[in-house]
Amino acid sequence: MMSLLWGIAAGLESMTVNSVKYDWKINPKIELFAQARDCLLPMGITSENVAHRFGVTRQEQDQAAVESHRRAGAAAAAGKFKEEIIPIATKIVDPKTGEEKQIIVSADDGIRPDTSLSVLTKLKPAFSKDGSTTAGNASQVSDGAGAVLLMRRDVALQKGLPILGIFRSFAAVGVDPAVMGVGPAVAIPAAVKAAGLQIDDIDLFEINEAFASQYVHCCKKLDLDPEKVNVNGGAIALGHPLGATGARCVSTLLNEMKRRGKDSRFGVISMCIGSGMGAAAVFERGDAVDQLSNAKSIQSINLLSKDVL
Numbered sequence: 001m002m003s004l005l006w007g008i009a010a011g012l013e014s015m016t017v018n019s020v021k022y023d024w025k026i027n028p029k030i031e032l033f034a035q036a037r038d039c040l041l042p043m044g045i046t047s048e049n050v051a052h053r054f055g056v057t058r059q060e061q062d063q064a065a066v067e068s069h070r071r072a073g074a075a076a077a078a079g080k081f082k083e084e085i086i087p088i089a090t091k092i093v094d095p096k097t098g099e100e101k102q103i104i105v106s107a108d109d110g111i112r113p114d115t116s117l118s119v120l121t122k123l124k125p126a127f128s129k130d131g132s133t134t135a136g137n138a139s140q141v142s143d144g145a146g147a148v149l150l151m152r153r154d155v156a157l158q159k160g161l162p163i164l165g166i167f168r169s170f171a172a173v174g175v176d177p178a179v180m181g182v183g184p185a186v187a188i189p190a191a192v193k194a195a196g197l198q199i200d201d202i203d204l205f206e207i208n209e210a211f212a213s214q215y216v217h218c219c220k221k222l223d224l225d226p227e228k229v230n231v232n233g234g235a236i237a238l239g240h241p242l243g244a245t246g247a248r249c250v251s252t253l254l255n256e257m258k259r260r261g262k263d264s265r266f267g268v269i270s271m272c273i274g275s276g277m278g279a280a281a282v283f284e285r286g287d288a289v290d291q292l293s294n295a296k297s298i299q300s301i302n303l304l305s306k307d308v309l
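All residue numbers for the sequence shown refer to the UniProt record's numbering, where the first residue is 1 and numbers rise by one.
In structure tokens:
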């Protein structure tokens, strides 16, 4: 078996240009299978499906959005994101004057800490006339990039690098593509079990907020303490550039665990994935173990993809 010394995982997304339409050619046989056909559903419709199937109300979704912005605003004001954001110099064109100017991007610009239920309730459904998913309770159209460095402990120590966290386990599961947003509710228990832990052992959770409907459902399904989940806001406030979400969640989680010290030993990140998947990973705070690590020997666990319903 090959031993990984170190590796980099990175991704980016420019969702502001994702609206460009391509002439996709779909195999007509997909129409013969309902779940295969459901893989082609627009993500907004899957959000409506989750809300309808699991009884997530419009008020619950709007309240989750308000809380995401409130927490993100407080975290930004406290300077918490400075440790995980690298300032980038770029150029923009003023749409009014056409003048090009250079700027430094050092903060997420979608946070609206002053938003309220009274504001969000006025927004119309975005995907279905009688739906509950709006531009205010869903993740934003945003651009972003992220990267993480994974390294064997002895190599990191030799190089004098700080160890923010220990990668304990990972799980990917399959769910009904029509309600793909429920993925974290299935993936999190699988990843936690693979780490030899219980849900109650987890101190912090970072769950993607693709849509408030799926975020609310996953938290309710797992009976998570709201004070442990997305404590610095989530994608509704920060944005959800798809290719960068995993790295962003890891960075936000590990830096918050570092700040909390002994009060936070284990953390989980998780996200839903279009076409019917969920993924989750368990991390341990970097200074919570000795140099030899305290990795446990876990009995074989069947983590094959399984349907949520």
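Virtual Cβ for every residue (Gly too), placed ideally from N, Cα, C.
Residues in the same chain with beta-carbon distance under 8 Å from Asp307, minus the five sequence neighbours each way, listed in chain order, please. Reading the sequence shown from its first residue, position 307 is the one you call residue 307. With a pLDDT of only 38 at Asp307, under the threshold of 50, the placement of this residue in the model should not be trusted; the figure read from the coordinates follows. Gly174, Val175, Asp176, listed in sequence order.
Go to Cys249, then tell me how far its alpha helix (DSSP H) extends in each direction, as first and last residue. Along the sequence shown, one-based indexing puts residue 249 at 249. Looking at the DSSP string, the run of the alpha helix (DSSP H) that includes Cys249 is 245-260.
Which term fits Leu292, buried or exposed, when burial requires 16 or more other beta carbons within 10 angstroms of its beta carbon? Along the sequence shown, one-based indexing puts residue 292 at 292. At Leu292, the pLDDT of 46 sits below 50, so the modelled position is not reliable and the matter cannot be decided from this model.
Using 8 Å for Cβ pairs, my map puts Gly239 next to Met43. What's the rounded Cβ distance? By one-based count along the sequence shown, residue 239 stands at place 239. By one-based count along the sequence shown, residue 43 stands at place 43. Contact doesn't hold; Cβ gap of about 15 Å is too wide.
DSSP three-state label for Ser132, please. One-based indexing of the sequence shown puts residue 132 at position 132. In the structure shown, Ser132 sits in coil (DSSP, three-state: anything other than H, G, I, E or B).
Span separating the alpha-carbon of Ile26 from that of Ser118: As a first step, residue 26 is located in the sequence shown; it is residue number 26 there, counting from the start. As a first step, residue 118 is located in the sequence shown; it is residue number 118 there, counting from the start. Each residue's alpha carbon lies about 43 Å from the other.
Terminal residues of the alpha helix (DSSP H) in which Val155 lies: For the purposes of this step, residue 155 is identified with residue 155 of the sequence shown, where counting begins at 1. Counting along the chain, the alpha helix (DSSP H) containing Val155 begins and ends at 153-158.
Identified DSSP bridge partners for Lys101: To locate residue 101, count along the sequence shown from 1; it is residue 101. DSSP output for Lys101 lists Ile92 as bridge partner(s).
In terms of residues, what are the limits of the alpha helix (DSSP H) holding Val216? Along the sequence shown, read from residue 1 onward, the residue named residue 216 stands at position 216. Run containing Val216: 212-221, per the alpha helix (DSSP H) assignment.
DSSP beta-bridge partners of Leu4: Translated into positions along the sequence shown, residue 4 becomes position 4. Leu4 is not bridged to any residue.
Arg260 to Arg70, Cα distance in whole Å? For the purposes of this step, residue 260 is identified with residue 260 of the sequence shown, where counting begins at 1. For the purposes of this step, residue 70 is identified with residue 70 of the sequence shown, where counting begins at 1. So the two alpha carbons sit approximately 20 Å from each other.
Please list, in chain order, all residues of the same chain as Ala36 whose beta carbon is under 7 Å from its beta carbon, the five residues on each side excluded. Along the sequence shown, one-based indexing puts residue 36 at 36. Only Ile30 meet the Cβ criterion.
According to DSSP, is Glu67 part of a helix, a strand, or is it coil? For the purposes of this step, residue 67 is identified with residue 67 of the sequence shown, where counting begins at 1. The answer is helix: DSSP assigns Glu67 an H, G or I state.
At the level of alpha carbons, what is the spacing between Ala187 and Gln214? Mapped onto the sequence shown, residue 187 falls at position 187. Mapped onto the sequence shown, residue 214 falls at position 214. Approximately 13 Å, taken between the alpha carbons.
Go ahead and pull the three-state DSSP assignment for Gly11. Here residue 11 corresponds to residue number 11 of the sequence shown, with the count starting at 1. Correct three-state label for Gly11: strand.
When you compare the CB positions of Val141 and Thr16, do they come within less than 8 Å of one another, or not? As a working mapping, residue 141 is identified with position 141 in the sequence shown. As a working mapping, residue 16 is identified with position 16 in the sequence shown. Cβ distance < 8 Å, so Val141 and Thr16 count as in contact.
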